[in-house]
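This report concerns only the one structure given below.
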Amino acid sequence: MAQTKIKPRLAKGFRDFLPAEMLKRQYVIDTVEGVFQLYGYEPLQTPVLEMRDTLFGKYGEDAEQLIYSAQHGRSKSDEVAMRYDLTVPLSRVVAQYENDITFPFRRYQISPVWRGERPQKGRYREFYQCDADIVGVSGMEADAEVISVMHTVYQRLNLPQPIIKINNRKLLTGMGIFSGVPDGQLPDLYRSIDKFDKIGADGVEKELVERGIPAEAVARMMNLIQSREAGVKNLDVLDNQMGDLEAAQVGIAELRSMATYLDALGVPTSAYEFDFTMVRGLSYYTGPIFETIIQEPNLGSVTGGGRYDDLIGLFRRESLPTVGMSLGIERIIDIMTELDLFPSHIGDTVVDLLVTVFDDETQIASARLASQLRKMNIRTELYMSDSKFKLGKQFAYADKKGIPLVATLGPEEVAQGRVSLKRLSDGEEVDVLQADAVDAVVNLMQTEF
RNA sequence: GUGGGUGUAGCUCAAUGGCAGAGCACCUGAUUGUGGUUCAGGCGGUUGUGGGUUCAAAUCCCAUCAUCCACCCCA
């Protein structure tokens with residue numbers, strides 16, 4: 161029957177991952193997960209869909225517009241939406257299961273989230289976040305630990321020159337008060353400051369004045385946020401200027417404390433900087449905030465995070481102090497792909513060895529050999545085809561898929577109980593007894609480079 | 001939501017109003033017990049879609065869709 165074909169395509173901003181790409185993704189995810197567990201964080205899984213009320217009213221107006229709603233044709237009672245991040249679901253979980261959770265609660269979650277933004281480079285509508293958070297600790301040792309986790313991940317992935325930028329919402333508020341910016345205009349203030357990297361000092365200054373903030377307030381402000389001393393010295397600058405302001409004082413003290421712990425945890429001062437122009441958009445942050453940028457190539461921040469001591473309070477009587485971060489694995493993968501940072505053992509296939517089939521008569525012998533190799537944990541594919549078996553085709557198949565080793569057993573080998581093993585990378589070929597095949601395979605794999 | 005670029009073979013792209021092409025990929029053979037190199041041949045098209053101008057449109061005009069980039073915001 162002639163039928164119109166459906167054009168195969170995906171919704172905007174959604175992607176498929178073919179096997180070669182999945183192997184790279186899994187390498188990154190496994191590395192991240194390993195580091196999370198190394199620090200004692202434990203896995204949590206939550207549903208894709210959350211109750212609408214759980215998500216709304218947490219992220220700020222702009223962000224809320226991007227939340228995907230979900231619906232089912234017949235059920236009208238449950239208004240649900242797709243999760244926008246992993247932080248709000250965590251807060252819900254903590255409030256819902258507080259009796260089953262031991263605090264401090266360290267959990268990680270690696271899952272996709274959905275945001276209806278317009279896609280562009282390094283930005284998708286469905287993307288994975290890798291979150292690690294500590295619930296129930298208000299001290300800066302927790303914030304420092306989270307940053308240390310980030311730092312360890314970057315090290316293990318070999319990311320080039322990541323810079324962890326650290327600021328504090330309390331400091332930003334303090335700076336606003338100090339400069340005499342009216343309360344109602346603080347959000348405008350933050351938004352403009354956040355653009356510092358893109359539009360520069362002059363641009364920020366101009367934008368602030370345009371938003372109706374007094375020029376004198378802007379001038380005092382600009383002076384403060386541009387301070388770029390190294391490490392704790394940058395905090396001294398603020399201390400000297402607005403040390404008598406309480407909000408600022410608390411913010412400065414927190415960052416000083418954090419620096420002390422960072423040192424103890426082995427995070428070098430070269431790995432981070434206090435950057436007072438870094439703001440972050442999400443509205444739930446209450447204290448220290450951080451984000452990581454890679455200079456080259458720059459795809460936006462690869463990690464965001466901070467302290468959100470009030471968020472859990474939206475789901476239960478009392479809140480719990482919480483700090484955490486989110487690794488943007490998509491951007492990390494994009495960067496690693498661009499710079500070719502994947503180790504060579506991450507190939508395009510999981511298969512170690514292909515067992516070829518010479519003809520119909522030897523097919524069973526090939527299957528037996530494959531089974532024997534698998535018992536010894538050699539990832540073995542048995543060649544299959546609906547057309548005639550041809551060795552040339554089978555070698556080409558192995559080559560195309562990137563399978564490193566090929567086993568051949570034709571009538572001669574079968575008769576003698578032998579097998580021929582070939583390493584495609586350099587053409588090295590050995591002929592061994594089938595009983596010795598496993599040792600020979602291991603040998604070929606080990607000496608391969 | 002705003003501004004701009006691009007849509008031609010599976011992929012990357014040529015063809016500036018006059019016969020729709022190349023490279024790569026794929027298939028076949030040279031090579032019926034061995035891939036990656038080479039050589040020969042072959043398959044592959046409603047030029048995103050709809051309309052308009054013209055003797056004639058991939059090419060010019062209008063609309064529409066898709067996609068990419070930038071802004072906003074963000075991982």
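For the first sequence, the working numbering begins at 161 and goes up steadily by one.
For each residue, glycine too, the CB sits at the ideal point set by N, CA and C.
Here the structure is a predicted model, which means the values were calculated and not measured.
Euclidean distance between Cα positions of residue i and residue j
i, j, result
"N328", "L425", "20 Å"
"R351", "S461", "16 Å"
"V188", "G220", "31 Å"
"D435", "F174", "34 Å"
"Y244", "E224", "9 Å"
"A527", "R267", "44 Å"
"L178", "Q289", "20 Å"
"Q386", "G282", "28 Å"
"V602", "L533", "10 Å"
"P457", "D500", "12 Å"
"G276", "D343", "31 Å"
"K366", "W274", "35 Å"
"D520", "A180", "31 Å"
"S237", "Q231", "10 Å"
"S229", "M182", "28 Å"
"M161", "D546", "Residue placement at M161 is flagged as unreliable, the pLDDT there being 36, under the threshold of 50; a coordinate-derived value is accordingly withheld."
"V248", "L474", "10 Å"
"E573", "D559", "23 Å"
"L226", "Y257", "28 Å"
"A431", "I323", "6 Å"
"I337", "L246", "32 Å"
"D156", "L422", "Since the first residue shown for the chain is 161 and the last is 609, residue 156 is missing from the structure and cannot be characterised."
"M382", "I326", "18 Å"
Helix, strand or coil at residue i according to DSSP, with G and I counted as helix
i, result
"L581", "strand"
"T261", "A small correction: the amino acid at residue 261 is Ile; Thr does not occupy that position in the sequence shown. Looking at I261 - three-state DSSP - the assignment turns out to be coil, as it is neither helix nor strand."
"M605", "helix"
"L331", "helix"
"G276", "coil"
"I337", "helix"
"S545", "coil"
"P322", "strand"
"I506", "coil"
"Y268", "strand"
"I538", "coil"
"F518", "coil"
"V240", "strand"
"V364", "helix"
"Q231", "coil"
"Y154", "The structure shown does not extend to residue 154, since the chain is modelled only from 161 through 609, so no value can be given for it."
"P457", "coil"
"M161", "Since pLDDT at M161 reaches only 36, below the 50 mark, its modelled position is unreliable, and no value is offered."
"L422", "helix"
"Y201", "coil"
"T497", "helix"
"R351", "helix"
"T463", "strand"
Neighbour-count burial assignment, residue i, 16 or more Cβ in a 10 Å radius
i, result
"M211", "exposed"
"M536", "exposed"
"Y445", "buried"
"E589", "exposed"
"F518", "buried"
"A597", "buried"
"M544", "exposed"
"T568", "buried"
"K218", "buried"
"E490", "buried"
"D293", "buried"
"V510", "exposed"
"T429", "exposed"
Unbroken alpha helix (DSSP H) run spanning residue i, endpoints
i, result
"T355", "Checking the displayed sequence, the identity of residue 355 turns out to be Lys instead of Thr. Where K355 is concerned, there is no enclosing alpha helix (DSSP H), given that its DSSP letter is neither H nor E."
"V483", "Not the alpha helix (DSSP H): V483 falls in the beta strand (DSSP E), residues T482 to G488."
"P249", "T247 to Q256"
"L183", "P179 to L198"
"I307", "M300 to L317"
"G552", "L551 to K561"
"D222", "E221 to E224"
First and last residue of the uninterrupted beta strand (DSSP E) at residue i
i, result
"F450", "P448 to I454"
"Q289", "E286 to V295"
"M211", "L209 to M211"
"V590", "E589 to L593"
With a threshold of 8 Å, are at least 3 pairs of Cβ atoms found where one atom belongs to the region 446-453 and the other to the region 464-484? Contact between the region 446-453 and the region 464-484 is present, because at least three Cβ pairs lie under 8 Å.
Would the region 268-282 and the region 195-211 be scored as touching if the rule is three or more Cβ pairs under 8 Å? Yes, the region 268-282 is in contact with the region 195-211.
Quick test of the definition: if touching needs 3 or more C-beta pairs under 8 Å, does the region 468-480 touch the region 309-319? Judged by pairs of C-beta atoms under 8 Å, the region 468-480 does not touch the region 309-319, as fewer than three such pairs exist.
When you compare the region 552-563 with the region 511-522, are there three or more beta-carbon pairs, one atom per stretch, that lie closer than 8 Å? With three or more CB-CB distances shorter than 8 Å, the region 552-563 counts as touching the region 511-522.
Counting Cβ pairs, one atom from each stretch, are 3 or more of them under 8 Å apart for the region 569-581 and the region 590-601? Between the region 569-581 and the region 590-601 there are three or more C-beta pairs closer than 8 Å, enough to call the two in contact.
Across the region 406-418 and the region 353-373, are there enough close Cβ pairs to call them in contact, namely three or more that are closer than 8 Å? No contact exists between the region 406-418 and the region 353-373.
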